[in-house]
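Written out below as structure tokens is the structure these notes cover.
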Amino acid sequence: MEKYLRPGNIELYPQKINTEIWGHLKKETQFKDIDSFKLSEKLIKCSYAVMSLVELLLKSKKQDKKSDDKDSSLSSGIKTGMDALSLLGHIVQDHNQIRRDSLKVDLNLQYKKLCNPSHNTDTGSSKWLFGDELGKRVKDIKETNQVGSSVASGSRLYKSVSRFNSRSKPFLSQGNSHYKRPPQNQNRIKIKIGELIKQSRPGFHQSELCFKGFAPDRRLCLPTVYLEYIKRTANLRGSECHLFISYIKPYKTASITLNLLWMKEILQIQF
Numbered sequence: 002m003e004k005y006l007r008p009g010n011i012e013l014y015p016q017k018i019n020t021e022i023w024g025h026l027k028k029e030t031q032f033k034d035i036d037s038f039k040l041s042e043k044l045i046k047c048s049y050a051v052m053s054l055v056e057l058l059l060k061s062k063k064q065d066k067k068s069d070d071k072d073s074s075l076s077s078g079i080k081t082g083m084d085a086l087s088l089l090g091h092i093v094q095d096h097n098q099i100r101r102d103s104l105k106v107d108l109n110l111q112y113k114k115l116c117n118p119s120h121n122t123d124t125g126s127s128k129w130l131f132g133d134e135l136g137k138r139v140k141d142i143k144e145t146n147q148v149g150s151s152v153a154s155g156s157r158l159y160k161s162v163s164r165f166n167s168r169s170k171p172f173l174s175q176g177n178s179h180y181k182r183p184p185q186n187q188n189r190i191k192i193k194i195g196e197l198i199k200q201s202r203p204g205f206h207q208s209e210l211c212f213k214g215f216a217p218d219r220r221l222c223l224p225t226v227y228l229e230y231i232k233r234t235a236n237l238r239g240s241e242c243h244l245f246i247s248y249i250k251p252y253k254t255a256s257i258t259l260n261l262l263w264m265k266e267i268l269q270i271q272f
């Protein structure tokens, strides 16, 4: 492996994951990428070896021009070597993209696009998998998401109102539903709703509903998702306290994780 060193005029390195991202990955993901990085090292070393071969052929061609047949053979060898370098370059690029895609599961939803090929067109000569300007790219994505959210929330407001007000009676209840948020700790949350959230079974909840605050995946926090749901529907509800429910149904057995993912999906689609 140490026999073939990087030529001084070539900026091609086995790329490590940027330290800003590496520290937030799960251990399992880190171990898998270490194996992928080792394969990347071998591919790069192979590229160095082919580069060295092409350089030797070029030197030989310059030094010995006595035989036309030999010159033709050297030219063919040089061309074949350059083709091999090009193919290896594509393999390295595809392999690095596979590595990025494998990290998506550990990244925040709004930053998963960092792994898209369109965001990594200029990272080929970097020593880092996500390039040398990761901080700037994260900032750009954050600003783009903020602008997009502002525009989308305004443009979808009237369509959402017409959809939820198309029924003669409130979809969730026959009257006003009053909710409050009692003090909560890190692990549990209690929500009190004034009446039963089902038209088929009119009645009232006499006791608070108690939920675990976090799903097994600690990135899914029920209080955060629920309060965001309440905040984003405020303009649609006006002074009413009705809560909305979507026609999108979770068809699997109810669980904390499923409910949180379902509520996030509703927010993303409707708002």
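Be aware that the sequence shown starts at 2, since it is given in our numbering, and climbs by one per residue. Here a beta-carbon is modelled for each residue, glycine too, at the ideal position from N, C-alpha and C. Please read these numbers as outputs of a predicted model, since none were measured by experiment.
- If you draw a straight line from the Cα of K27 to the Cα of L108, it is about 10 Å long.
- When secondary structure is reduced to three states using DSSP, K17 falls in the strand class.
- Under the 8 Å Cβ criterion, the stretch 96-105 counts as touching the stretch 28-41, having at least three qualifying pairs.
- Y112 and S53 do not touch by the CB rule: their CB atoms are close to 39 Å apart, not below 8 Å.
- Of the candidates K17, E56, G125 and L89, E56 places its Cα closest to the Cα of L75.
- A check of alpha carbon separations from A50 across H25, D84 and R7 identifies R7 as the nearest.
- Taking H120 as reference, the option from K17, S37, V106 and L135 with the minimal CA-CA separation is L135.
- Measuring C-alpha to C-alpha distances from S103 to each of E12, F32 and T20 identifies F32 as the nearest.
- With distances taken between CA atoms, K46 lies nearest to E12 out of E12, L130 and D141.
- For C116, no alpha helix (DSSP H) segment is defined, and its DSSP state is neither H nor E.
- Note: W129 is bridge-paired with K17 in the DSSP secondary-structure output.
- Of the candidates Q16, N10 and G9, the residue whose Cα lies closest to the Cα of S127 is Q16.
- Distance from the Cα of S48 is smallest, within the candidate group D133, H91 and G132, for H91.
- The DSSP-derived three-state label of T124 is coil.
- For E56, the enclosing alpha helix (DSSP H) starts and ends at K28 to Q64.
- In this model, D36 and D65 are separated by some 44 Å (Cα to Cα).
- Our two residues, V139 and T20, have alpha carbons roughly 14 Å apart in a direct line.
- Residue environment: G24 is assigned as exposed (fewer than 16 neighbouring CB atoms within 10 Å of its CB, all protein chains considered).
- Inter-residue distance for F131 and S73 is about 42 Å (C-alpha atoms, whole angstroms).
- Taking every protein chain shown into account, the CB of D84 has fewer than 16 other CB atoms within 10 angstroms, so this residue is exposed.
- Restricting attention to W129, Y14 and G9, the CA atom closest to the CA of L89 is found in Y14.
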